[in-house]
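Residue numbers (our numbering): 841 to 911. Note that CB positions come from ideal geometry on N, CA and C, so glycine has one too. Just so it is clear, the structure is predicted and the values come from calculations on it, not from any experiment.
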Amino acid sequence: MMKPLSILGKAVNNNVIVVLRGKREYRGVLDGYDQFMNVVLKNADELVEGQPVAKHRMAIVRGDNIIYISP
Numbered sequence: 841m842m843k844p845l846s847i848l849g850k851a852v853n854n855n856v857i858v859v860l861r862g863k864r865e866y867r868g869v870l871d872g873y874d875q876f877m878n879v880v881l882k883n884a885d886e887l888v889e890g891q892p893v894a895k896h897r898m899a900i901v902r903g904d905n906i907i908y909i910s911p
């Protein structure tokens, strides 16, 4: 069985979907992460309830807000 951090390690420099509390999500390229699952995304699209609201060159997402990350 693979551990979550090893899965994230393999997803670096690939597109991911990060779903947060409050019906918010980010879609972008995983640039980095830490042991607390804080993640850094490049060229991220921010969506609220499935509707695009912003584009970010770089976004840092705090791990305790994340519901799941899909590589």
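- If you look at glycine 868, you'll find it in the beta strand (DSSP E) that goes 864-873.
- Bridge partners of lysine 895 according to DSSP: Asp885.
- Judged by DSSP in its simplified three-state form, asparagine 905 adopts helix.
- Beta-bridge partners assigned by DSSP to asparagine 855: Val869.
- Between the beta-carbon of arginine 861 and that of asparagine 905 there is about 6 angstroms, and that keeps the pair under the 8 angstroms contact cut.
- As a beta-bridge residue in DSSP terms, isoleucine 900 pairs with Val880.
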